[in-house]
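Asks: Okay, handing you the structure first.
Protein chains: 4
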Amino acid sequence: MSGSTFGKHFSVTTWGESHGPALGVVIDGCPAGLSLHEEDIQMYLNRRKPGATSISTPRKESDLVQILSGVFEGRTTGTPISLMIPNTSQKSGDYSEIASYYRPGHADYTFDQKYGFRDYRGGGRSSGRETIGRVASGAIAAKILKELGIEICAYTKSIGPVSINPACFDRTAITETATCMPDRSADQKALLYLQECMQNKDSAGGVIECRITGVPAGIGEPVFDKLSAKLSAAVMSIGAVKAFEIGDGIAVAAARGSENNDAFYADKTGIHKKTNHAGGILGGISDGSEILLRAYIKPTPSIFSEQETVNRDGENISIQIKGRHDPVIVPRAVVVVECMCALALVDLLFFNMNASMDKIQSFYQK
Amino acid sequence: MSGSTFGKHFSVTTWGESHGPALGVVIDGCPAGLSLHEEDIQMYLNRRKPGATSISTPRKESDLVQILSGVFEGRTTGTPISLMIPNTSQKSGDYSEIASYYRPGHADYTFDQKYGFRDYRGGGRSSGRETIGRVASGAIAAKILKELGIEICAYTKSIGPVSINPACFDRTAITETATCMPDRSADQKALLYLQECMQNKDSAGGVIECRITGVPAGIGEPVFDKLSAKLSAAVMSIGAVKAFEIGDGIAVAAARGSENNDAFYADKTGIHKKTNHAGGILGGISDGSEILLRAYIKPTPSIFSEQETVNRDGENISIQIKGRHDPVIVPRAVVVVECMCALALVDLLFFNMNASMDKIQSFYQK
Amino acid sequence: MSGSTFGKHFSVTTWGESHGPALGVVIDGCPAGLSLHEEDIQMYLNRRKPGATSISTPRKESDLVQILSGVFEGRTTGTPISLMIPNTSQKSGDYSEIASYYRPGHADYTFDQKYGFRDYRGGGRSSGRETIGRVASGAIAAKILKELGIEICAYTKSIGPVSINPACFDRTAITETATCMPDRSADQKALLYLQECMQNKDSAGGVIECRITGVPAGIGEPVFDKLSAKLSAAVMSIGAVKAFEIGDGIAVAAARGSENNDAFYADKTGIHKKTNHAGGILGGISDGSEILLRAYIKPTPSIFSEQETVNRDGENISIQIKGRHDPVIVPRAVVVVECMCALALVDLLFFNMNASMDKIQSFYQK
Amino acid sequence: MSGSTFGKHFSVTTWGESHGPALGVVIDGCPAGLSLHEEDIQMYLNRRKPGATSISTPRKESDLVQILSGVFEGRTTGTPISLMIPNTSQKSGDYSEIASYYRPGHADYTFDQKYGFRDYRGGGRSSGRETIGRVASGAIAAKILKELGIEICAYTKSIGPVSINPACFDRTAITETATCMPDRSADQKALLYLQECMQNKDSAGGVIECRITGVPAGIGEPVFDKLSAKLSAAVMSIGAVKAFEIGDGIAVAAARGSENNDAFYADKTGIHKKTNHAGGILGGISDGSEILLRAYIKPTPSIFSEQETVNRDGENISIQIKGRHDPVIVPRAVVVVECMCALALVDLLFFNMNASMDKIQSFYQK
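Residue numbers (the working numbering), protein chains in the order written: chain A, 4 to 369; chain B, 4 to 369; chain C, 4 to 369; chain D, 4 to 369.
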């Protein structure tokens, strides 16, 4: 295994390199009877495409998805769904330079150490294009969740020093701003900051926040497959993510128990919590309140200023990366975070279906 | 599956509740020929036991491990190793109270929602005693790693507002201080802080840091089973961990690419990095430098001050938790973090053994 | 992994050697709320114990099971169930002889080749005692199936040349005869045959048949996890099984399509088949009729006549195995076949619960 | 999971329906550095294509494979290999009839029971075309095995009453005869028998035998993942296989221990067995001798004579299947058996690489 499969029940296997003929994903375990059309998936893929903005790489990929199996007359059949997205604009160009040295912050060196050689064209399998399969399959997971009343909403929380103002939260802005910030004023400030980065041949990092609503209490397994652990594995498997938080996250370390505990209360609609420091997860299991998490993304490693490194012959050299690269990864990773959360959550929802004899008996007695 | 198995190659399955007859773990996939005695494991279990200090629960458990299978004449045989640790001092006492309501910050409510009822004695499966199986199996993983030249060292970085001074790093202090801090002066300050917490019927959180040295470059898989993702899943599956960082962690979000990239350089001994913002992992694969990670632990949820909550009949009530509980989870979780990292790492080391035809052929041609 | 785990949802991990302190199994994924007591399991373990008959080894093992976790107040909690069966009568005796050579028909040679050495006492992990964990966990799987209206019944179909007469089928005889044949007259003939084998210092093989009733149509997955493939893997993993059949089995190779196809017909109670050549499985999925399978068991390899073999020094030698061994494996394997079928079936029943959106939605809308 | 993944290390996931745009497979876990070209795979796919013979369906499919990922400059890169085979000649024709009723011997009824509806065009996912992904990935597994000195050879042993004469074994005939028999005379007789079947609007079954040479001793895991169990699961997962044997197979049930045990002997080249009743597997682990297995295939269920069945409205009807169908499945399944054995074996070979500390240490010390 090269670890390209995620999930045990809703199990997705991604494949493809930046400059191969196509990328794609096979989903095994999608239940039968889900209405599914290419548009459902395309909508998500379009969100990860570079926009026509000042902060996006000009690589023009249509990224059109084709459904090759598992769907009949507009509905899933229960058998594997194969999705393919052809690479249309890859120009292998002159990669002989990249082939010969190790770019700082990239996986060139570690791939060579692991496999003995690498597909160096555009980063090969370690390219950001690898996330296409995650997004295409995550779109289906998100559709299943929606039918169960569960919504996932990720957005940019900060870029470099610029953070959104939660008081100005504007959900429509997420898909309308270049930064995917839910705050148009912060978006403008962040663009100025990014412009400055580009002028300095530099790049910026940032934070993605994700909120999941409608999750029933009881999802997640008590030991190794905690909901928090699965979401963490899902999000930390995205290239460039270097930290992960649930709820109050790192702040819990400085809090006292009396501040951090969420009191329960009951009203006519059921049992709730007065606060949500826990981010919707207690003992690894969803508690019915909003699930809140954050991913910390490193700055784009491809920068245009001069850098020191080593070539394949083991010589110390100076390089200057060419081509054009986004000055920030964050905005295009927002939909990837959303999709990885959807994949983790669907898997655990299916996992949970045989948690009690009552439920199994009522299932099989229908 | 209730998710009690971790690892695909070095696969451990833990079992046991706080007040059952015993806890334990089965390790499937331990290679044959490893020298193994009960002392190798007991050494680790002793590190997670409450010490005779002011900040430890007085539950007196000897926590003596028994090897029930998989070892013959002092060496592992390649077949499953079953380890059992009897519970000797559990007094079921009067748990009828806990049984009837949901403690804030605990898994009482979510277990009831998931399973319909729960073993409420001492938290049952969601008790901190669940980590015994992790530590017992992690001790074996750590022993394998040691034979391969890999060492894992975790310690307390901070408790509440008190942090260690890296300039004073004293490795021997880790196992000698009550806080597991590698800085005896910070340890004293932290104890004062904890005393204050206890006087206020409150509790504290903190940060555990872990350093792994000797890992060859090339470990970790490029997509979902990245070394970072596996370590994250391992550590975030420990109860009370709410955030996880690799290398510079959350700080990367505010850094610029020129600051965050680690330059490569070569000398006679091979290829290295000038800095280690990446925490030893590039593209999800180890780069040969030290692996550095941090876990953020919430304050003990069992506090003695009055708290609001709900009982099983759905009535709003006030409670005051009795018994005695550690005012901080961090020190006893240090060895758990170390063990979970060992489990994740051994698994990926074994995973990596069929990464290339060269290596497979030389393996089978011996 | 040394492959000691079976099942992905109802996942059992067995451990233990013939002459270690104990054997056991951990079941992860047993749903909460199943009534479970030690007697439920003991009943099955007693069926695999040597009886006080002329064809059983006189090793006297009480084989008493202990439930160590996962059950609270007589009901399963949803967390791992750990079962332990102490070895009470193992006398390591003088195994130095066995240690030094390779018994024909046994795993001595292959274990040495794989692991470099072996726990030779009584066969170690390759002993028939390894099936204790299968039976203990299978008893729980069978109990779940019973609650869903599914019954599994295995019995001895033949021993050497003696077969049961299906016209005389007497279910009570299965647990009352020494051979586990459902035909008391065949049982007597088989005992005579076995006596003759023993007099000749020889042993016999035989056939176990298994019938599963009450399985709803739709269980099994269409490609690699076909019900037939899973049952086959389950049964062929029992030591000494060398062939496996579903329905008409090997006879289908000589049949014509017009003979082998089972015609469908409908009546008021639903859709049925006029015949059952298929053994209850079509396209790998249960069709609602009885599931019928057979396992072919080799003769006990431990025979008392002189045999040629090789010792660990690579010298050709003659040996004569001592001690006492059952002249036939079949009767004690009957309950093992039953239990392995139960494990395979429960796993696929749980697998099937997320086959369609309708069912998932109705599950989560309760 | 709909169970479309086989193998834990060399993990293949197949997808595709008879009448969709394409079929394919993703291989995750193929080691880097294997020379691989489309011809390597095409060679195997051509063997499963209908030949231009009297016993083959005239559906004309070119079945040309495309490598979409995981190969760079003629060598595998260690990342997932995606293979696609477009469906070129599917004419959806008039399937409304098949859509409305349940063909005896087919999976129509069980799919409807499982999923609520089905892709009825040409059998959808339950079509024999599903095996394309098995063969395409098995070709790669076979290539790896070849580099390790392991060869797999399957052939038709019998069709209906016609069996090969082992004394006339002619390996070249396997790929040159219409029946894939290694005996040209038996091939002619079998063709006559099949012609008679066709005249009677009927079909025939048969037996496939498979021999695997060059497997080192020590492959296979001692309990559930025995080599025999894995091969059985692999072969029994092929549609139409109803029985499976290792070595002497069903014959062991009637043999005596003194007949069935294989004596060991040593010579200058090592340790061997005088006979091979065990079929190369002892205690579930390869013993270094030839592995021998057989699969029993049912007659083609699509026959042209009138059959009784039920339609989707639950009415009893008579049907006559149209179109044209092979009168026997066996010859085209020969390469499928070979490929499934290759997949099972590669997986266990990789599994075995961390069986002992010695080997792990020497691996990581290079």
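The C-beta atom is built at its ideal place from N, Cα and C for all residues, glycine as well.
1) Residues of the segment 41-53 of chain B in Cβ contact with chain A at a cutoff of 8 Å, in chain order, please.
2) From A:Ala142 to D:Lys160, what does the alpha carbon distance come to, in whole angstroms?
3) Is DSSP giving A:Cys213 helix, strand or coil here?
4) Establish whether the CB of C:Leu151 and some CB of chain A are separated by less than 7 Å.
5) Let me check one thing: in DSSP terms, what residues is D:Gln69 bridge-paired to?
6) Would you mind listing the alpha helix (DSSP H) stretches within the segment 325-357 of chain C that are 4+ residues and don't spill past its ends, in chain order?
7) Just reading off the alpha helix (DSSP H) that D:Gly27 is part of, what are its end residues?
8) List the residues of chain A that B:Lys245 touches, going by C-beta distances under 7 Å, in chain order.
9) Keeping to the same chain, check which residues put their C-beta closer than 8 Å to that of B:Lys204; ignore five residues upstream and five downstream.
10) Report buried or exposed for C:Cys200, applying the criterion of at least 16 other Cβ atoms within 10 angstroms of its Cβ.
11) With a floor of 3 residues, list each beta strand (DSSP E) that falls wholly inside the segment 250-290 of chain D, ordered by position along the chain.
12) Could you pull the DSSP bridge partners for D:Gln310 from this structure?
13) Against B:Ala237, what residues of chain C qualify as contacts under a CB-to-CB distance less than 9 Å, listed in chain order?
14) When the distance is taken between beta carbons, is B:Val339 closer than 7 Å to B:Arg137?
15) So, are the CB atoms of C:Glu42 and C:Ile70 less than 7 Å apart?
16) From the DSSP output, which residues share a beta bridge with D:Ser161?
17) Does any residue of chain C have a CB that is nearer than 7 Å to the CB of A:Gly36?
18) State whether the segment 316-333 of chain D contacts the segment 291-307 of chain D, with contact taken as three or more CB pairs (one from each stretch) at a distance under 8 Å.
19) Residues of the segment 113-145 of chain C in Cβ contact with chain D at a cutoff of 8 Å, in chain order, please.
20) Excluding sequence positions up to five away, which residues of its chain have a Cβ less than 6 Å from the Cβ of D:Thr56?
21) Less than 8 Å between the CB atoms is what I'm expecting for D:Gly221 and C:Gln116, so what's the real figure, rounded?
22) What are the boundary residues of the beta strand (DSSP E) that C:Val15 is part of?
23) At a threshold of 6 Å, does A:Arg187 count as lining the ligand HEM (C-beta to nearest heavy atom)?
24) Are A:Phe13 and B:Gly6 touching if we call contact CB-CB under 7 Å?
25) Checking the sheet assignment: what are the DSSP bridge partners for B:Thr134?
26) If you draw a straight line from the C-alpha of D:Ile84 to the C-alpha of A:Thr17, how long is it?
27) Can you pull out the residues from the segment 217-234 of chain D whose beta carbon lies closer than 9 Å to at least one beta carbon of chain C?
28) Buried or exposed: which applies to D:Leu295, given that a residue is buried once 16 or more other Cβ atoms fall within 10 Å of its Cβ?
29) If you reduce the DSSP assignment to three classes, tell me which class B:Tyr299 lands in.
30) Give the interface partners of C:Ser289 over in chain D, defined as CB-CB distance under 8 Å, in chain order.
31) Interface residues of chain B around C:Glu372 at Cβ under 9 Å?
32) Would you please verify whether the beta carbon of C:Ala189 is less than 7 Å from any beta carbon of chain D?
33) Taking C-alpha atoms, which residue in C:Asp350, C:Leu37, C:Ile324 and C:Gly10 lies nearest to A:Asp361?
34) Report, in whole angstroms, the separation of the C-beta atoms of B:Leu1 and B:Leu148, which I expect to be a contact under 8 Å.
35) Would you kindly work out how many angstroms separate the C-alpha atoms of D:Gly119 and C:Tyr268, rounded to a whole number?
36) What residue range is occupied by the uninterrupted alpha helix (DSSP H) comprising A:Ala232?
Replies: The relevant details are as follows:
1) none
2) What you label residue 142 of chain A is simply residue 139 of the first sequence in a count that begins at 1. What you label residue 160 of chain D is simply residue 157 of the fourth sequence in a count that begins at 1. Near 49 Å, if we compare the C-alpha coordinates of D:Lys160 and A:Ala142.
3) One-based indexing of the first sequence puts residue 213 of chain A at position 210. Correct three-state label for A:Cys213: strand.
4) As a first step, residue 151 of chain C must be located in the third sequence, where it is residue number 148. Chain A, which has a Cβ nearer than 7 Å to the Cβ of C:Leu151, makes this yes.
5) In the fourth sequence, the residue the question calls residue 69 of chain D occupies position 66. According to DSSP, D:Gln69 bridges with D:Met87.
6) 333-354
7) By one-based count along the fourth sequence, residue 27 of chain D stands at place 24. Note, D:Gly27: premise wrong, no alpha helix (DSSP H); beta strand (DSSP E) at Ala25 to Asp31.
8) For the purposes of this step, residue 245 of chain B is taken as residue 242 along the second sequence, with counting starting at 1. In chain order: Glu248, Ile249, Gly250, Asp251, Gly252 and Val255.
9) Looking up residue 204 of chain B in the second sequence gives position 201. Contacts found: Ile306, Phe307 and Ser308.
10) Working through the third sequence from its first residue, we reach residue 200 of chain C at position 197. Result: buried.
11) 267-270 and 273-276
12) By 1-based counting over the fourth sequence, the position of residue 310 of chain D is 307. DSSP output for D:Gln310 lists D:Ile322 as bridge partner(s).
13) For this step, residue 237 of chain B is matched to residue 234 along the second sequence. Result: empty, since nearest Cβ-Cβ is about 18 Å, beyond 9 Å.
14) Here residue 137 of chain B corresponds to residue number 134 of the second sequence, with the count starting at 1. Here residue 339 of chain B corresponds to residue number 336 of the second sequence, with the count starting at 1. Result yes, Cβ atoms of B:Arg137 and B:Val339 sit closer than 7 Å.
15) Within the third sequence, numbered from 1, the residue matching residue 42 of chain C stands at position 39. Within the third sequence, numbered from 1, the residue matching residue 70 of chain C stands at position 67. No.
16) If you number the fourth sequence from 1, residue 161 of chain D lands on position 158. D:Ser166 and D:Val210, per the DSSP bridge assignment.
17) Working through the first sequence from its first residue, we reach residue 36 of chain A at position 33. Yes, A:Gly36 lies at the interface with chain C (some Cβ there is under 7 Å from its Cβ).
18) yes
19) Thr113, Phe114, Gln116, Lys117, Tyr118, Gly119, Arg128, Ser129 and Glu133
20) One-based indexing of the fourth sequence puts residue 56 of chain D at position 53. For D:Thr56, where only same-chain residues beyond five positions count, the Cβ hits under 6 Å are Ala181.
21) Here residue 221 of chain D refers to the residue found at position 218 of the fourth sequence. Here residue 116 of chain C refers to the residue found at position 113 of the third sequence. With a Cβ gap of about 4 Å, D:Gly221 and C:Gln116 count as contacting.
22) Indexing the third sequence from 1 puts residue 15 of chain C at position 12. Looking at the DSSP string, the run of the beta strand (DSSP E) that includes C:Val15 is Ser14 to Gly19.
23) The ligand content of the structure shown is nil, which means the ligand HEM is not present either.
24) Against the first sequence, residue 13 of chain A aligns to sequence position 10. Against the second sequence, residue 6 of chain B aligns to sequence position 3. Contact: no.
25) The residue you call residue 134 of chain B lines up with position 131 of the second sequence. In the DSSP output, where bridge partners are listed per residue, B:Thr134 has none listed.
26) In the fourth sequence, the residue the question calls residue 84 of chain D occupies position 81. In the first sequence, the residue the question calls residue 17 of chain A occupies position 14. Straight-line Cα distance between these residues: approximately 10 Å.
27) Pro219, Ala220, Gly221, Ile222, Gly223, Glu224, Pro225, Val226, Phe227, Asp228, Lys229, Ser231, Ala232, Lys233 and Leu234
28) Locating residue 295 of chain D in the fourth sequence gives position 292, where the first residue counts as 1. D:Leu295 comes out buried.
29) As a first step, residue 299 of chain B is located in the second sequence; it is residue number 296 there, counting from the start. Of the three classes helix, strand and coil, the one that applies to B:Tyr299 here is strand, per DSSP.
30) Translated into the one-based positions of the third sequence, residue 289 of chain C becomes position 286. Ordered by position in chain D, the residues that pass the 8 Å Cβ test against C:Ser289 are Thr113.
31) The displayed coordinates of chain C run from 4 to 369. Any statement about residue 372 of chain C would go beyond what the structure contains.
32) For the purposes of this step, residue 189 of chain C is taken as the residue at position 186 of the third sequence. C:Ala189 does not count as touching chain D.
33) For the purposes of this step, residue 361 of chain A is taken as the residue at position 358 of the first sequence. Looking at the Cα atoms, C:Leu37 is the closest of the given residues.
34) Outside the shown range of chain B, which is 4 to 369, sits residue 1 of chain B, and nothing can be said about it.
35) Your numbering for residue 119 of chain D matches position 116 in the fourth sequence. Your numbering for residue 268 of chain C matches position 265 in the third sequence. Using only the alpha carbons, I get a separation of about 19 Å.
36) In the first sequence, residue 232 of chain A corresponds to position 229, counting from 1. Where A:Ala232 is concerned, the enclosing alpha helix (DSSP H) stretches over Leu230 to Met239.
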